[in-house]
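Since the structure comes first, as structure tokens, the remarks are kept for the end.
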């Protein structure tokens, strides 16, 4: 789809306003990266560290699951944007199209309640609000029986980390075999952001570096013997 937009086969203005297609364009491609690299990108993009976050043990990713609205203020169903199950925790990611003032604490609470209705106390719940932030600070959602911390992230922070990983990959390796595949996925993520109007040029980013990913970490992130394992 992103190449159809790039070559004007799809209305770019309609495409760039769609929250759900931004979510799928970015997260479906992140999902194809080695799990260690997916983890690194999300972890570094978050404003605060999440204890116990471990995407390297990711078991499944579901987009827009339908959960029961029982005990929530919704009338039909509750539908978070991204739901990730790992070995020890479950992760809800609620996305908004733009980076300011679209997130709704009542929606967070409904999703937390619906999650516990669906899954009980089976695993620890991690909740990430991505985009549309009123504040960058972690804040609690209170319920009679539990408290869930809402961690914050912005789309442009994910883009920034993706570009940093891509730049270091380009600077450090011959782009052959598996490295080329990872390079192509990262490049598609950057292209996806560009389709939605995010600035993707170099500007000052090449001169003012965020916390960097080391070459040894990149080595650990990749199984250079079998690319099929990166997609499991």
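In this note's numbering, the protein residues as written are 1427 to 1658. Glycine residues also receive a C-beta, built at the ideal position from the N, C-alpha and C atoms.
Alpha carbon to alpha carbon, how far is residue i from residue j?
i	j	result
residue 1560	residue 1617	27 Å
residue 1516	residue 1553	8 Å
residue 1481	residue 1463	9 Å
residue 1547	residue 1471	28 Å
residue 1535	residue 1514	22 Å
residue 1466	residue 1460	10 Å
residue 1631	residue 1538	Per-residue confidence for residue 1631 stands at a pLDDT of 49, beneath the threshold of 50, marking its modelled position as unreliable; the derived number appears in the next sentence. When rounded, the distance between both Cα atoms is 37 Å.
residue 1505	residue 1587	28 Å
residue 1509	residue 1626	27 Å
residue 1572	residue 1566	10 Å
residue 1541	residue 1596	41 Å
residue 1488	residue 1544	14 Å
residue 1568	residue 1605	44 Å
residue 1427	residue 1518	With a pLDDT of 46 at residue 1427, under the threshold of 50, the modelled position of that residue is not reliable, and the figure given next carries that caveat. Computed Cα separation, rounded: 25 Å.
residue 1555	residue 1590	22 Å
residue 1580	residue 1496	30 Å
residue 1469	residue 1477	10 Å
residue 1607	residue 1492	33 Å
residue 1447	residue 1582	16 Å
residue 1485	residue 1458	13 Å
residue 1490	residue 1598	38 Å
residue 1475	residue 1570	26 Å
residue 1633	residue 1501	Because residue 1633 sits at a pLDDT of 42, beneath the cut-off of 50, its placement in the model cannot be relied upon, and the point is left open.
residue 1530	residue 1507	14 Å
residue 1473	residue 1503	30 Å
Examine the ligand FMN and report whether any of its heavy atoms sits within less than 8 Å of the Cβ of residue i.
i	result
residue 1526	Of ligands this structure carries none, so the ligand FMN is not represented either.
Grab the span of the alpha helix (DSSP H) containing residue i for me, first residue to last.
i	result
residue 1511	Taken as a continuous stretch (DSSP letters only), residue 1511 belongs to no alpha helix (DSSP H), being part of the beta strand (DSSP E) at 1508–1512.
residue 1539	1531–1545
residue 1468	1461–1471
Hey, could you find the ends of the beta strand (DSSP E) residue i is sitting in?
i	result
residue 1556	1550–1556
residue 1520	1515–1521
Since residue i and residue j should fall inside the 8 Å C-beta cutoff, what is the C-beta to C-beta distance between them, to a whole number of angstroms?
i	j	result
residue 1563	residue 1575	About 11 Å separates the two Cβ atoms, so there is no contact after all.
residue 1455	residue 1615	5 Å
residue 1533	residue 1558	Between residue 1558 and residue 1533 the Cβ distance is about 10 Å, and since that is not below 8 Å, they are no contact.
residue 1512	residue 1483	5 Å
residue 1498	residue 1449	With a Cβ gap of about 21 Å, residue 1498 and residue 1449 do not count as contacting.
Whose C-alpha, out of the options, is nearest the C-alpha of residue i?
i	options	result
residue 1452	1512, 1511, 1612	1612
residue 1610	1593, 1623, 1499, 1492	1593
residue 1623	1487, 1598, 1523, 1502	1523
residue 1550	1485, 1458, 1479, 1486	1479
residue 1619	1503, 1531, 1570, 1525	1525
Threshold first: 3 residues or longer. Then list the beta strand (DSSP E) segments lying entirely within the stretch 1553–1617, N to C. 1565–1568, 1573–1579
Jot down the residue ranges of each uninterrupted beta strand (DSSP E) in the stretch 1474–1504, minimum 3 residues, whole runs only, in chain order. 1484–1489
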